[in-house]
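There are 2 protein chains.
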Amino acid sequence: MQTRMNNQNTELMEIFVGMSQVTRCCRQDVAFCEGVTFHQFMILDAIAIKKEMQISELHKLLAVEKSTTTRLVNPLIQKGLLKREKAQHDSRAATLILTADGKKIHQKVSLCLAGFFQKVTQNIPQDKKPQILEAIRIFIGAIKNSAADYSCCKSRV
Amino acid sequence: MQTRMNNQNTELMEIFVGMSQVTRCCRQDVAFCEGVTFHQFMILDAIAIKKEMQISELHKLLAVEKSTTTRLVNPLIQKGLLKREKAQHDSRAATLILTADGKKIHQKVSLCLAGFFQKVTQNIPQDKKPQILEAIRIFIGAIKNSAADYSCCKSRV
DNA sequence: TTTGCATGGTTGTATAATACAACTATATTT
DNA sequence: AAATATAGTTGTATTATACAACCATGCAAA
Chain A
3 MQTRMNNQNT
13 ELMEIFVGMS
23 QVTRCCRQDV
33 AFCEGVTFHQ
43 FMILDAIAIK
53 KEMQISELHK
63 LLAVEKSTTT
73 RLVNPLIQKG
83 LLKREKAQHD
93 SRAATLILTA
103 DGKKIHQKVS
113 LCLAGFFQKV
123 TQNIPQDKKP
133 QILEAIRIFI
143 GAIKNSAADY
153 SCCKSRV
Chain B
3 MQTRMNNQNT
13 ELMEIFVGMS
23 QVTRCCRQDV
33 AFCEGVTFHQ
43 FMILDAIAIK
53 KEMQISELHK
63 LLAVEKSTTT
73 RLVNPLIQKG
83 LLKREKAQHD
93 SRAATLILTA
103 DGKKIHQKVS
113 LCLAGFFQKV
123 TQNIPQDKKP
133 QILEAIRIFI
143 GAIKNSAADY
153 SCCKSRV
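If you're matching them up, the sequences are chains A and B in order.
Each number in the working numbering comes from the position in the first sequence (counting from 1) with 2 added on.
Each number in the working numbering comes from the position in the second sequence (counting from 1) with 2 added on.
Laid out in structure tokens, this is it:
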């Protein structure tokens, strides 16, 4: 009986396993820097870039259920890193912005992360770097497109 | 005040966010096929390939603490998909092998997964496929190398 | 050979992440 | 005005997971 997948799928499986291993840090409960988890930094960073953001936008970014978003955001508000205001256009919605403290912490964690990113960069051949990053973007996009139809990876909205 | 990372790090951050999003399926508690979660399939598949495996080898594969491995493996034994035997060379160690049922389920889930993988494959340009997969392998390797020194992503042993 | 340390694994306990369902309040459509 | 949809929160339950303590066996050094 054939219990193995074909080579091509074995290759893909190995890549998924690898991705699962290296993204473990992203879902680790322990704060990796300045008392902020990776998930929380994702929120801070997204808001730093967009200046302000609604909670509904975060669901997609974090790929979690909306109640989970609330619970990830709350501690950041309690720590005074985020401030929430009513959105002008829609009084149901909450707009999140960084406080001064939030900006400071975001910067500190960015530095901490920069050290890690630098190490990663040092471990890939410099001449191939743009192609490698582009390849990963393509791959991630491919998974997102495929996942929509598959319950195993259905994208949450 | 500069709260943004430089472009290069922003690029990497986006990639980590993307990876975090698409690997969500790998840690979803819900079984995606045949009552088996992705994590559990990782175990079945690894054993299918190596024929037999010790629990200690699984810690690294799954990148989890050893007690977690025990708890991931147990339900598979209870469902009769895995059998454990004492290792010959070391009577402390447990050797895991697939049962007939385990092989059957492994194959079924493989098929289910193959459908997903096929969709992914269809979403990447065929001529670039080998380079893309290779690029990802390099990237994953780079992260693993870097992570060793960084508490944020320290590899568990 | 005995003593002490290392290794493979399990179990107790606690916590974090997370989903789902039910709910409130506001918008939008009919 | 009524029905439906959307933004967000809270109650509740479950899963994943770690850490520490533990047992048993193996190995190395005294």
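Built from N, CA and C at the ideal position, the CB exists for glycine as well.
Asked: Enclosing beta strand (DSSP E) for Thr97/A [first to last residue]; Found: Ala96 to Leu100
Asked: Where Glu87/A falls: helix, strand or coil (DSSP); Found: strand
Asked: Interface residues of the segment 51 to 62 of chain B facing chain A [CB-CB below 8 Å]; Found: Ile51
Asked: Residue-chain proximity (Leu89/A, chain B), Cβ-Cβ < 7 Å; Found: Note on identity: in this sequence residue 89/A is Ala, with Leu being the wrong assignment. Cβ-Cβ to chain B under 7 Å: no for Ala89/A.
Asked: Short CB-CB distance (under 7 Å) between Ile140/B and chain A; Found: yes
Asked: DSSP three-state assignment for Glu36/A, whether helix, strand or coil; Found: coil
Asked: Proximity below 7 Å, CB of Leu74/B to CB of His41/B; Found: yes
Asked: Beta carbon proximity, Glu36/B to chain A, threshold 7 Å; Found: no
Asked: Test item: CB-CB of Val38/A and Val111/A under 7 Å; Found: yes
Asked: Where Leu83/B meets chain A, residues with beta-carbon distance less than 7 Å; Found: Near Leu83/B there are no residues of chain A at all, since even the closest Cβ is about 12 Å away, more than 7 Å.
Asked: C-beta atoms of Val122/B and Ala144/A nearer than 7 Å; Found: yes
Asked: The segment 11 to 22 of chain B in contact with the segment 50 to 59 of chain B per 3-pair CB rule at 8 Å; Found: no
Asked: Coil, strand or helix - Glu59/A by DSSP; Found: helix
Asked: Val159/A at chain B interface by Cβ criterion, 7 Å; Found: Its pLDDT being 28, under 50, Val159/A is placed unreliably by the model, and nothing is read from it.
Asked: Reference Gln80/B; option with closest CA among Asp47/B, Leu60/B, Phe119/B and Leu98/B; Found: Leu98/B
Asked: Cα-Cα separation, Gln10/B to Leu78/B; Found: 43 Å
Asked: Near-chain B residues of the segment 10 to 24 of chain A - C-beta to any C-beta below 7 Å; Found: Asn11, Glu13, Leu14, Met15, Ile17, Phe18, Val19, Gly20, Met21, Ser22, Gln23 and Val24
Asked: Close-in-space but distant-in-sequence residues of the same chain around Ala96/B (CB under 8 Å, 5 per side omitted); Found: Gln56, Ile57, Arg86, Glu87, Lys88 and Ala89
Asked: Counted within 10 angstroms of its Cβ, other Cβ atoms place Ala137/A as buried (16 or more) or exposed; Found: buried
Asked: Of the listed residues Asp47/A, Thr12/A and Asn8/A, nearest to Thr101/A (C-alpha basis); Found: Asp47/A
Asked: 7 Å Cβ cutoff, Lys121/A in contact with chain B; Found: yes
Asked: Cβ separation of Thr25/B and Met21/A, assumed to be a contact under 8 Å, to the nearest whole Å; Found: 5 Å
Asked: Spatial neighbours of Gln128/A in its chain, beta-carbon cut-off 6 Å, leaving aside the 5 residues before and after; Found: none
Asked: Run of the alpha helix (DSSP H) containing Lys68/A, from where it starts to where it stops; Found: Lys68 to Gln80
Asked: Proximity test, Cβ basis, 7 Å: Ile99/A and chain B; Found: no
Asked: Per-residue DSSP class, three states only, for Cys154/B; Found: In this predicted model, Cys154/B has a pLDDT of only 34, less than 50, meaning its place in the structure is not dependable enough to derive any value.
Asked: Candidates Lys146/B, Lys106/B, Ile140/B and Phe119/B: closest to Ala50/B by CA position; Found: Lys106/B
Asked: Distance, Lys62/A Cα to Cys114/A Cα; Found: 25 Å
Asked: Beta carbon of Ile142/B nearer than 7 Å to that of Ile140/A; Found: no
Asked: Local Cβ density within 10 Å of Ser69/B, reported as buried at 16 or more and exposed below that; Found: exposed
Asked: Beta carbon proximity, Ile126/B to chain A, threshold 7 Å; Found: yes
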